[in-house]
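The sequence shown: position 81 = 81 (the working numbering), numbered continuously.
In this text, a Cβ means the ideal position worked out from N, Cα and C, and glycines have one as well.
Worksheet: the structure to be examined is printed underneath.
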Amino acid sequence: MCSRYYIDDDTPDEVSGLLAGRKSSGLNWTARDVHPGEVAPIIMKKNAELQLDEMKWGFPQYSGKGLFINARAETALQKKTFSESVLHRRCVIPALHFYEWDASKNKVSFLRERGSVLYMAGFFNMMQDEVRFVILTTQANPSVSPVHDRMPLILEKEDVENWICDGEQTQDFLQKIPVLLQRTQEYEQQSLFGMI
């Protein structure tokens, strides 16, 4: 489902390499967990080239309470709230890892082998006088499914520009099965019942 992710101090270096020397817009990037409703770095097309910028995470819900922070890749094109943005305003959200919580409420981190950047597919729109983004999710692959049935739609580094710039490939990307990830957690809660 992806309701929290982490960015670190080294992520901008890898992302800058992807932008092929194109400059970010002077972002103040700090290592931290990113929560819904916060401003975070994203990669988008601006002035006909890829650039690193910042946006707030989440579209306001119609009730005025809560945010749409994720959209299902399988149905996003059929949803009025998301379809135009998916077709015309795609972005990528870089992260070192994302979190899910298992059935025992243990926090589990998912990351690439060797700790390289995760590129999560997303889209954006102007909402309440500010630009906001949403992360696309898909059915969990075998590395995530023991913990949660959904996961972010993760792109390969070489797919980032095509996802953002080439609308003819959008449908194919929405059906993509993400790469297998490494799963880590600081501790696992033990049950007293299993110890007796």
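Excluding five sequence positions before and after Lys157, the CB atoms of its chain that fall closer than 7 Å to its own CB belong to Leu18, Tyr119, given in chain order. In this structure, Gly37 sits near Lys56, with a CB-CB distance shorter than 8 Å. Assigned with DSSP and collapsed to three states, His88 falls in helix. Looking at Pro41, Leu77, Val108, the one whose alpha-carbon comes closest to that of Glu186 is Val108. A direct Cα-to-Cα measurement between Leu96 and Thr11 gives close to 7 Å. Our two residues, Pro41 and Ile93, have alpha carbons roughly 7 Å apart in a direct line. Under DSSP, the beta-bridge partners assigned to Asp53 are Ile42. The DSSP-derived three-state label of Trp163 is helix. In its chain, beyond the 5 residues on either side, Ile7, Asp8, Asp9 have a beta carbon closer than 7 Å to the beta carbon of Ala31. Distance from Asn141 to Leu180 at the Cβ level is roughly 6 Å; contact confirmed, criterion being Cβ atoms closer than 8 Å. Exclusion of the five residues before and after Asp149 leaves Gln139, Ala140 as the residues of its chain whose Cβ lies within less than 8 Å of its Cβ. If only complete runs of 3 or more residues are kept, the segment 81 to 152 shows the beta strand (DSSP E) at 90 to 95, 97 to 101, 107 to 111, 118 to 127, 130 to 139, 150 to 152, in order along the chain. Rounded to whole angstroms, the Cβ separation of Ala73 and Phe82 is 10 Å, and the two are not in contact under 8 Å. Contact check for Val134 against Glu100 fails: the beta carbons are separated by 8 Å or more. Between the beta-carbon of Lys45 and that of Cys165 there is about 6 Å, and that keeps the pair under the 8 Å contact cut.
Residue range 32 to 34 is occupied by the beta strand (DSSP E) that includes Asp33. Restricting attention to Arg132, Gly115, Gln182, the CA atom closest to the CA of Val86 is found in Arg132.
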